[in-house]
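Which chain is which? The protein sequence lines are D and Y, in order. For what it's worth, numbering that gives the first Met the number 0 labels the leading residue of the first sequence as 0, then goes sequentially. For what it's worth, numbering that gives the first Met the number 0 labels the leading residue of the second sequence as 0, then goes sequentially. Ideal placement from N, C-alpha and C gives every residue a C-beta, glycine not left out.
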Amino acid sequence: MPDNFLNDDFKSALIKKIAKNSNTYNIIKAGSKLYFRKSPESFKIWLDFLFYQLKEACKKRKPVVWTNIYTPSELFYALDLFPIYPEVISGVLASIGTANYLIETSESKFYTTDLCSFYRVAAGLVLKDWFPKPDLIISSSQLCDGSTKFFRNMSKYYNCEYYLINTPYYDDLNSQKYLAAQLEEIAYKIGKVNGQHLSNEKINYFFNLSNQTREYIIKLNEFRKNVPSPLSGWDAMAYILYMFFSSLGAKKGLRFYHTLYQETEEKVNRKIGVLKEEKHRILWLHQVRPYYKNEIIQNLKENKAVISFEEVSYVYWQALDPQRPWESLAQKMTSNFGVGPIERRIKTVYNLVREYKIDGVIHFSQRGCRQSCGGAYIIKDFLQEKGIPMLILDGDGADSRNYSKGQTRTRIEAFLEMLS
Amino acid sequence: MTVAGLDVGSLTIKTLILEDEKIKSFTIIPTGADVNKLIRDCLEMTLKKSGDNFKNLSSIVATGYGRINVPFADKSITEITCHALGANWLNPETRTVIDIGGQDSKVISIDKNGRVVDFIMNDKCAAGTGRFLEVMAQALGVKTEELGNESLKSKKKITISSMCTVFAESEVISLVAEGCAKEDIIRGLHKAISNRICSMACRLRLENIITLTGGVAKNTGMVQALKKRLKAKVFVPEEPQIVGALGAAIAARKIVYSE
Ligand code: SF4
Chain D
0 MPDNFLNDDF KSALIKKIAK NSNTYNIIKA GSKLYFRKSP ESFKIWLDFL FYQLKEACKK
60 RKPVVWTNIY TPSELFYALD LFPIYPEVIS GVLASIGTAN YLIETSESKF YTTDLCSFYR
120 VAAGLVLKDW FPKPDLIISS SQLCDGSTKF FRNMSKYYNC EYYLINTPYY DDLNSQKYLA
180 AQLEEIAYKI GKVNGQHLSN EKINYFFNLS NQTREYIIKL NEFRKNVPSP LSGWDAMAYI
240 LYMFFSSLGA KKGLRFYHTL YQETEEKVNR KIGVLKEEKH RILWLHQVRP YYKNEIIQNL
300 KENKAVISFE EVSYVYWQAL DPQRPWESLA QKMTSNFGVG PIERRIKTVY NLVREYKIDG
360 VIHFSQRGCR QSCGGAYIIK DFLQEKGIPM LILDGDGADS RNYSKGQTRT RIEAFLEMLS
Chain Y
0 MTVAGLDVGS LTIKTLILED EKIKSFTIIP TGADVNKLIR DCLEMTLKKS GDNFKNLSSI
60 VATGYGRINV PFADKSITEI TCHALGANWL NPETRTVIDI GGQDSKVISI DKNGRVVDFI
120 MNDKCAAGTG RFLEVMAQAL GVKTEELGNE SLKSKKKITI SSMCTVFAES EVISLVAEGC
180 AKEDIIRGLH KAISNRICSM ACRLRLENII TLTGGVAKNT GMVQALKKRL KAKVFVPEEP
240 QIVGALGAAI AARKIVYSE
């Protein structure tokens, strides 16, 4: 056997072969069903959805579109496209410990360390050719500016069409019209290529699914106002968030949220909290948290603190109107409180603080993410005026090289001591 | 009632014995590989100085980076809370604490009871910390404890533009090569650190009196640079390095009272 039998190139080629074979996901799915047999039903539905997505991304029975989290998934389901979210996949990879290898790969090919690590992982995945190529890329400029450049680069790399949905800053009628026109144009162009005509029937069907799911998320969020907290925000920012972004408009999404709603209802009825003793209720700001192995949740638990809610799970949009599909989707996008003047985000955050009986706010400032870092001090000043302490926790969601166990612990513990 | 406070920092270990309202004894030793043994040794030395023994201690609280590695402590509390308690005890007028420690620097806003209202810490790099000064002292061939007095001799202003420890070290080396006087370089370094600390401090509401704690507060040159930049009433305790351990001892006393 040659010395370099298991060298990096060989391993990478092997992973590539395995990862791009749709049968792999059937096998992993079967294995994980057994492994996670005692996990909650909602978690199993998520696993099912994840492996289904990965399998379909390989099989390509439908055109695969790469996109980002705030581009409405209903659009893809209605157009019979199969959406894949590289930044969300990056979070999953970070949680299983493969992110740093991919980050190093992307950095060796000139991706700067200033780029958000979620996209550096995704770039590594592409460069290693561990993931099936997309047929199309559609992303929005909403909130995340790193993604726009990444996707543009990817469209060149894969030589595939790229549609950028330019999201305006203000939430007004003009912005909605401008966005609606872009969405309609994209749908028209795609329809011409894949022959999918967007009938009223289809729109009705997918919008209905999305609206029903939305109702369950709202009810679930209502439950989360309970003391003790029935659901940990730490979980909500992991597999639940995956569904939040990618399953609206999908049947599996509705099933997932319905199940999660029932599970949470039971906990509320039986007064089962995440912690036996709940001392501090925390609101987490920014849509991500570190996904690699870290001790943050442990630090919180030890000090009887629970993440009662996270801003990313807030349902800010109105139910979709199938009679006005483009305007309605556009409205969903412009009503995102993270877009536009900071006052809008502050107002939402303050409402959440009151509704969820929050004792302290942790703002996770992701390295390389302007959206999360900019404005943090303005929010902090506002909350402080109202007597709500806020900790700005600088960190990294996918790149564990930027995580310092001791320093993070000190910041969190000192903050909780302050709340005591 | 006799209690002990232990501050296990990244560069030094500090232990202190508090009896009622009096600091009976304290010890400061450098950290090393066998931290657990060093913590015990340090406490034993302090107990010996005060003529007490371990069994007489009503409570022990550990703080600092290595606080979780003290199995015999009744509780571990962060250095943020402890510095606040210690500074309040030494000077009840304190409303802001600036602690420049070995591995990090922090600015803490406190109320009249010594409770933390808000705090901010430097990011993960060594810029603006005791470690930064240590590296620079080495590059200049000066002992760390001599930096303060050296800088007071300075007659010429020099600006150090890098704050990254690695870049600043090479900047210092090239300034030496250019023939710049050591004292001027050191003053430049102090100024650079104080600028960095102050810009961090300004993110909080800076209120008088500002108490300086941590090993770096022993450096007179650094204190002068900070005073100049802060334009505020600054209080430097006689032994700024033990404020964390003192705060831990005060917290230990609180535990006994609350039982
Ligand atoms: S963390 Fe920020 S930069 Fe990174 S993907 Fe999310 S929004 Fe974009």
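Contact check, residue i vs residue j, beta carbons under 8 Å
i: L17 (chain Y); j: G4 (chain Y); result: yes
i: T263 (chain D); j: P229 (chain D); result: yes
i: N87 (chain Y); j: I107 (chain Y); result: no
i: N20 (chain D); j: C57 (chain D); result: yes
i: G214 (chain Y); j: C81 (chain Y); result: no
i: R288 (chain D); j: G396 (chain D); result: yes
i: G101 (chain Y); j: G147 (chain Y); result: no
i: E416 (chain D); j: V175 (chain Y); result: no
i: S138 (chain D); j: A235 (chain D); result: no
i: I254 (chain Y); j: G85 (chain Y); result: no
i: A77 (chain D); j: I202 (chain D); result: yes
i: S193 (chain Y); j: A224 (chain Y); result: yes
Secondary structure of residue i, DSSP reduced to three states
i: S198 (chain D); result: coil
i: L172 (chain D); result: helix
i: P324 (chain D); result: helix
i: W129 (chain D); result: coil
i: P1 (chain D); result: Reliability fails at P1 (chain D), whose pLDDT of 45 lies under 50, so the model's placement of it is uncertain and no value is given.
i: S231 (chain D); result: coil
i: K13 (chain Y); result: strand
i: P239 (chain Y); result: helix
i: G359 (chain D); result: strand
i: I14 (chain D); result: helix
i: V192 (chain D); result: helix
i: K379 (chain D); result: helix
Residue interval of the beta strand (DSSP E) (run including residue i)
i: I159 (chain Y); result: No beta strand (DSSP E) holds I159 (chain Y); DSSP gives it neither H nor E.
i: E106 (chain D); result: Segment A98 to S107 is the alpha helix (DSSP H) holding E106 (chain D); no beta strand (DSSP E) there.
i: E309 (chain D); result: A304 to E309
i: T26 (chain Y); result: K21 to P29
i: T62 (chain Y); result: S58 to T62
i: T1 (chain Y); result: T1 to V7
i: M389 (chain D); result: M389 to G394
i: L163 (chain D); result: E160 to I164
i: I109 (chain Y); result: S104 to I109
Contact set for residue i: own chain, Cβ-Cβ below 8 Å, skip 5 residues either direction
i: K142 (chain Y); result: A136
i: F414 (chain D); result: G359, I361, P388 and L390
i: N55 (chain Y); result: T1
i: S364 (chain D); result: H285, S371, C372, A375, I391, L392, D393 and G394
Contacting residues, own chain, Cβ-Cβ under 7 Å from residue i (five flanking each side not counted)
i: Y118 (chain D); result: E86, G145, S146 and F149
i: P70 (chain Y); result: none
Counted within 10 angstroms of its Cβ, other Cβ atoms place residue i as buried (16 or more) or exposed
i: K152 (chain Y); result: exposed
i: Q181 (chain D); result: buried
i: N268 (chain D); result: exposed
i: V165 (chain Y); result: exposed
i: R340 (chain D); result: Note on identity: in this sequence residue 340 (chain D) is Pro, with Arg being the wrong assignment. Flag for P340 (chain D) reads exposed.
i: R204 (chain Y); result: exposed
i: A32 (chain Y); result: exposed
i: F205 (chain D); result: buried
i: Q141 (chain D); result: buried
i: N350 (chain D); result: exposed
i: R252 (chain Y); result: buried
i: T158 (chain Y); result: exposed
i: D2 (chain D); result: Residue placement at D2 (chain D) cannot be trusted, given a pLDDT of 46 that sits under 50; the coordinates are not used to answer.
i: T212 (chain Y); result: buried
i: Y34 (chain D); result: exposed
i: G282 (chain D); result: First, the amino acid is wrong: residue 282 (chain D) is Leu here, not Gly. Label assigned to L282 (chain D): buried.
Residues near residue i in its chain [Cβ-Cβ closer than 6 Å; skip 5 each side]
i: T26 (chain Y); result: T14, C41, M44 and T45
i: R223 (chain D); result: L230 and F308
i: P39 (chain D); result: E262
i: R202 (chain Y); result: I119
Residue i, enclosing alpha helix (DSSP H) - first and last residue
i: V34 (chain Y); result: V34 to S49
i: H285 (chain D); result: Counting along the chain, H285 (chain D) falls outside any alpha helix (DSSP H), and DSSP gives it neither H nor E.
i: T212 (chain Y); result: Careful: T212 (chain Y) lies outside any alpha helix (DSSP H), inside the beta strand (DSSP E) at I209 to T212.
i: P85 (chain D); result: P85 to S94
i: F118 (chain Y); result: That residue, F118 (chain Y), is in no alpha helix (DSSP H); its beta strand (DSSP E) goes V115 to M120.
i: I421 (chain D); result: There is no way to answer for residue 421 (chain D), as the model of chain D reaches only from 0 to 419.
i: I185 (chain Y); result: K181 to A200
Residue i Cβ short of 7 Å to the ligand FAD heavy atom set
i: V91 (chain D); result: Although the ligand FAD was asked about, the structure shown includes only the ligand SF4 as ligands.
Contact list for residue i against chain B, beta-carbon separation under 8 Å
i: A375 (chain D); result: Protein chains in the displayed structure are D and Y, and chain B is not among them.
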